[in-house]
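Engineer: For the sequence shown, position 205 (counting from the first letter as 1) is numbered 215 according to the working numbering, and the numbering increases by one without interruption.
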Amino acid sequence: MTRASSEKSLVSRFFSLLQLFFGAYCLLSSQTKRFQPTKPSTKAQAAVALVRGKMKEAIEAELSMLEADNSARLLEMEEIRSELLGRGDIKVVWDERMKEEVTRKVEIEDDYAAALGDLEQEKIIQHKIIEDHVKERATLECQRQLLLSLREEVDEMSGRLLSERATYVVEQKNMQEMAGEMQRMQEGLLDTKSNLEAEKEALQILRSWVEDEAKKSQARAKVLEEVGRRWRWNNQS
């Protein structure tokens, strides 16, 4: 095993022991506070609290084991820490960890900035969707108002058509009555014309008869005049 790998393994072991130490300490503190939550968690108070009840022996054994294990870890950590401090490896590892944390922080900030950018983009998209929805709703409202107006106009036109239809029916009835009256008047005029033509024909016949009688009277007058002249002549001779 090389020196670098040995140092790296030693440092890793140190940090692992440090994590185990803090874990054991937290476990011991939590168990102690469970029995005395309102009192300080010293070892003496923890021992007094954990000896109560039926679990006294088991708790004492667990505490002894934890304390022994913790003491062993502390001793090993102290030895490793002394060795690492003597060689300056802790600072190197710490600097590496800090660099890793800085890099991780930058990555997290980049991810946060990207997520924030995505969120802003999503907000823009949602705002655009809301604007489109508002515009579409306004358009639909305009169309609804237009349809209501058209419906009112159609209802008004229907009312006018019904009124005009009623007027047309009345006028048609009046025209039919007028047509019947005119038909009767025409028939009366035709009858009058026939009577006038008959009277005219009778007058023509009467005129012809009068003319004939006048001619006959003139002829008789001439005959009588001739007879009278001859009679006078005979008397003179």
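Cβ coordinates follow ideal geometry from the N, Cα and C atoms, glycine included.
Treat the numbers as computed from the prediction; the structure is a model and nothing was measured.
In whole angstroms, what separates the C-alpha of residue 169 from that of residue 159?
Structural biologist: If you take the alpha carbons of residue 169 and residue 159, they lie about 15 Å apart.
Engineer: With a CB to CB cut of under 6 Å and the five nearest residues on each side skipped, what residues in its chain are close to residue 200?
Structural biologist: If we look at residue 200 and ignore the five residues flanking it on each side, it has no Cβ neighbours.
Engineer: Measure the C-alpha to C-alpha separation of residue 188 and residue 196 and round it to an integer number of angstroms.
Structural biologist: Computed Cα separation, rounded: 12 Å.
Engineer: In angstroms, rounded to a whole number, what distance separates the CA positions of residue 175 and residue 146?
Structural biologist: Near 42 Å, if we compare the C-alpha coordinates of residue 146 and residue 175.
Engineer: What is the rounded straight-line gap between the Cα of residue 180 and the Cα of residue 190?
Structural biologist: Each residue's Cα considered, the two are about 15 Å apart.
Engineer: Rounded to whole angstroms, what's the CA-CA distance from residue 242 to residue 217? Just pull it up for me.
Structural biologist: Rounded to whole angstroms, residue 242 to residue 217 spans 37 Å at the Cα level.
Engineer: What's the gap between the Cα of residue 240 and the Cα of residue 226?
Structural biologist: Roughly 21 Å separates the two Cα atoms.
Engineer: What's the gap between the Cα of residue 163 and the Cα of residue 129?
Structural biologist: Taking the straight line joining both Cα atoms gives about 50 Å.
Engineer: Secondary structure at residue 241, three-state DSSP: helix, strand or coil?
Structural biologist: The answer is helix: DSSP assigns residue 241 an H, G or I state.
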